[in-house]
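For reference, the structure is listed below as structure tokens.
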Ligand code: FE
């Protein structure tokens, strides 16, 4: 597992450019944002798990996906607290919290404090950073005890 992690991290920009579409590359490696309501998963209701497109890390379960009305896939929590990392983003003249893959560092989206119960959080993701896998449990079996749900307001 650790070896796989190292391998993924060592993918060069050239290798990633070959593997990813230009939009996937722009979003995951250059902090880009895809268009709302015109992306793969914003209105997708499949039961399963969303992986990091770049490294395959388990990120979100469909159990936590909800309709935020924003046109981007939105979740109230990641599967575990280590699935993603959060950083202050001072771009675009506002301070936001950027969300990146906890394993490979690819840009995923941002997290906001206006989400639904139980967490009060809105993980606003780019479909271009995600890869869906069907699972009957909707990811619940992969959910860690330390998932963010229930820690309202803590970002
Ligand atoms: Fe990743």
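Numbering (the working numbering), first residue to last: 6 to 160.
Cβ coordinates follow ideal geometry from the N, Cα and C atoms, glycine included.
Check                                                                                                                                     : Outcome
Nearest candidate by alpha-carbon position, reference residue 90, set 38, 70, 107                                                         : 107
Three-state secondary structure (DSSP) of residue 98                                                                                      : coil
Residue 124 versus residue 66 - alpha carbon distance                                                                                     : 15 angstroms
Distance between beta carbons of residue 86 and residue 149, contact taken as under 8 angstroms                                           : 7 angstroms
Where the beta strand (DSSP E) through residue 116 begins and ends                                                                        : 112-117
Backbone CA spacing between residue 126 and residue 101 [nearest angstrom]                                                                : 13 angstroms
Beta-carbon contacts of residue 136 that lie in its chain and below 6 angstroms, excluding the five residues immediately before and after : 56, 58
Below 5 angstroms from a heavy atom of the ligand FE - residues by beta-carbon                                                            : 57, 59, 60, 62, 106, 108, 109, 111
Presumed contact (8 angstroms Cβ cut-off) between residue 44 and residue 134, rounded CB distance                                         : Between residue 134 and residue 44 the Cβ distance is about 10 angstroms, and since that is not below 8 angstroms, they are no contact.
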